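Let me begin by presenting the structure, written as C-alpha cells, before commenting on it.
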Amino acid sequence: MLQIISKKRFLKDLLEDFVDIHCHILPGIDDGSKSVDESIILIKKMKQLGIKQFIATPHIMQDFYPNDDLSIGNAYQNLIANLTSKKLNNTVINPSAEYMMDHHFENLVKQNHIFPLKENYVLVEMSYFQPPINLQEIIHAMLMKDYIPVLAHPERYSYYQNKKEFYKTLKQYGCLFQLNLLSLSDHYGKSIQKIVMYLLEENLIDFVATDVHNENHVNKLSDLILTKNQKSLLPQIIETTKKTFLVS
Ligand SMILES: [Fe+2]
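Below you can see the structure in the form of C-alpha cells.
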C-alpha cells in the first residue's frame, strides 16, 4: 500500500519555494477572493502547497472589472494591513494585473500606464469567445513600448483547438505563454488537457501559475496528480518561472 502511494506524482511536490505569478487573491475587486478573510485562507492554503511569493493579478477588463490604480491599490493595502495579525507578515505579495486585451488596454499601453508582473513582463488575456481582431497590432504596440506580453492560459482559448499551429505564430509575434496548472487536470475539460499536451510537447510554455480564484481551486491543485509525461516536462518550466519572478 505504501509503495502505491509513494509512486503518485503530486504536482505540489514540485512547487517548493514557487512564486505564483497569476492569482486572484486581492479581496473584493474581481471574480476572485470576496473578502480579506477569504484572501487569508487562500494564501495560507497556497503556502501549504509550497508557494512562497505571490503576484496578485486582478482582472482589468473594461466591461466587467474596470479596475485601476486606486481599486487595486486599496485592495492591496487592505490585504497587506491584515497579514501581520494573521501571522503572515513574512509573506511577499506584489500587486499587478491581468489585462484583457481590449480597447481600454490599448490606451493604457499608449500611456505607459501598466502594472507589470515584474520588470517589463505584462500578463494579458483574451476573450474565451474570440481573439481581438487586431491581436497582432496589440502585441506589436506592447513590444514597441518594451513590454513583454505574457499570455495567460493560452490552452483555454478553445477557438485555437483545431488550429494549434497558430500558437507558434503567436509566439513568433513575441508573446510568452503562461499555462494554468489546473489545466493539467480535467478541471477545464478534456479538450483543454489535450491542447496542454501539445503546448508542452512543442516546448511552447514559458511559465506556469495557479490562476486561483477560490478555495476549490487550491484544493484541486493540492490533489492534482501528474502523468509521467507532465512530470518530466514541468520542472524546467517551474524553474524558469522561479528564476524570472522570485524576488529576494
Ligand atoms: Fe486569471
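Counting in the working numbering, the sequence shown runs from 46 upward without gaps.
Every residue gets a Cβ at the ideal spot worked out from N, C-alpha and C, and that includes glycine.
Computed from a predicted model, the values in this text were never measured in an experiment.
Extent of the continuous beta strand (DSSP E) run through residue i
{"i": "L221", "result": "221-225"}
{"i": "L59", "result": "No beta strand (DSSP E) contains L59, which DSSP labels as neither H nor E."}
{"i": "E143", "result": "143-145"}
{"i": "F252", "result": "252-254"}
{"i": "I96", "result": "96-101"}
{"i": "N139", "result": "137-140"}
First and last residue of the uninterrupted alpha helix (DSSP H) at residue i
{"i": "M171", "result": "Note, M171: premise wrong, no alpha helix (DSSP H); not H, not E."}
{"i": "N119", "result": "114-128"}
{"i": "L196", "result": "Here L196 belongs to no alpha helix (DSSP H); instead the beta strand (DSSP E) covers 193-197."}
{"i": "K273", "result": "273-290"}
{"i": "F109", "result": "Element bounds for F109: n/a, residue is neither H nor E."}
Own chain residues within Cβ distance below 8 Å of residue i, not counting five before or after
{"i": "Y202", "result": "M171, Y173, P176"}
{"i": "I283", "result": "L59, L60, F63, V253"}
{"i": "D113", "result": "I105"}
{"i": "I86", "result": "E260"}
{"i": "I96", "result": "L60, F63, V64, D65, T255"}
{"i": "S78", "result": "H69, I70, L71, P72, S84, L87, H258, N259"}
Proximity below 8 Å, CB of residue i to CB of residue j
{"i": "L226", "j": "L162", "result": "no"}
{"i": "V167", "j": "F252", "result": "no"}
{"i": "E294", "j": "S228", "result": "This structure cannot speak to residue 294, because the chain is shown only from 46 to 293."}
{"i": "I117", "j": "A142", "result": "yes"}
{"i": "I70", "j": "F290", "result": "no"}
{"i": "T136", "j": "I88", "result": "yes"}
{"i": "V81", "j": "N134", "result": "no"}
{"i": "L249", "j": "K276", "result": "no"}
{"i": "A101", "j": "C68", "result": "yes"}
{"i": "I138", "j": "L124", "result": "yes"}
{"i": "Y212", "j": "L244", "result": "yes"}
{"i": "V263", "j": "M145", "result": "no"}
Any non-hydrogen atom of ligand 1 within 7 Å of residue i CB
{"i": "D298", "result": "Because the chain spans 46 through 293 in this model, residue 298 falls outside it and cannot be assessed."}
{"i": "A101", "result": "no"}
{"i": "E200", "result": "no"}
{"i": "E83", "result": "no"}
{"i": "E143", "result": "yes"}
{"i": "H67", "result": "yes"}
{"i": "A197", "result": "yes"}
Straight-line Cα distance separating residue j from residue i
{"i": "D75", "j": "K190", "result": "27 Å"}
{"i": "P303", "j": "N152", "result": "Nothing about residue 303 can be reported from this structure: the residues present for the chain run from 46 to 293 only."}
{"i": "G234", "j": "L56", "result": "18 Å"}
{"i": "V257", "j": "L278", "result": "22 Å"}
{"i": "K273", "j": "M242", "result": "12 Å"}
{"i": "L328", "j": "I193", "result": "Not covered by the structure: residue 328. The range shown for the chain is 46 to 293."}
{"i": "Q181", "j": "Y218", "result": "7 Å"}
{"i": "Y204", "j": "S236", "result": "11 Å"}
{"i": "I270", "j": "V292", "result": "28 Å"}
{"i": "I183", "j": "H232", "result": "30 Å"}
{"i": "H198", "j": "F99", "result": "17 Å"}
8 Å Cβ cutoff, residue i in contact with chain D
{"i": "S230", "result": "In the structure shown, chain D cannot be found, because there is only a single protein chain."}
Close-in-space but distant-in-sequence residues of the same chain around residue i (CB under 6 Å, 5 per side omitted)
{"i": "K208", "result": "none"}
{"i": "F160", "result": "S141, A142"}
Cβ neighbours of residue i in the same chain (closer than 7 Å, five flanking residues each side left out)
{"i": "P280", "result": "L59"}
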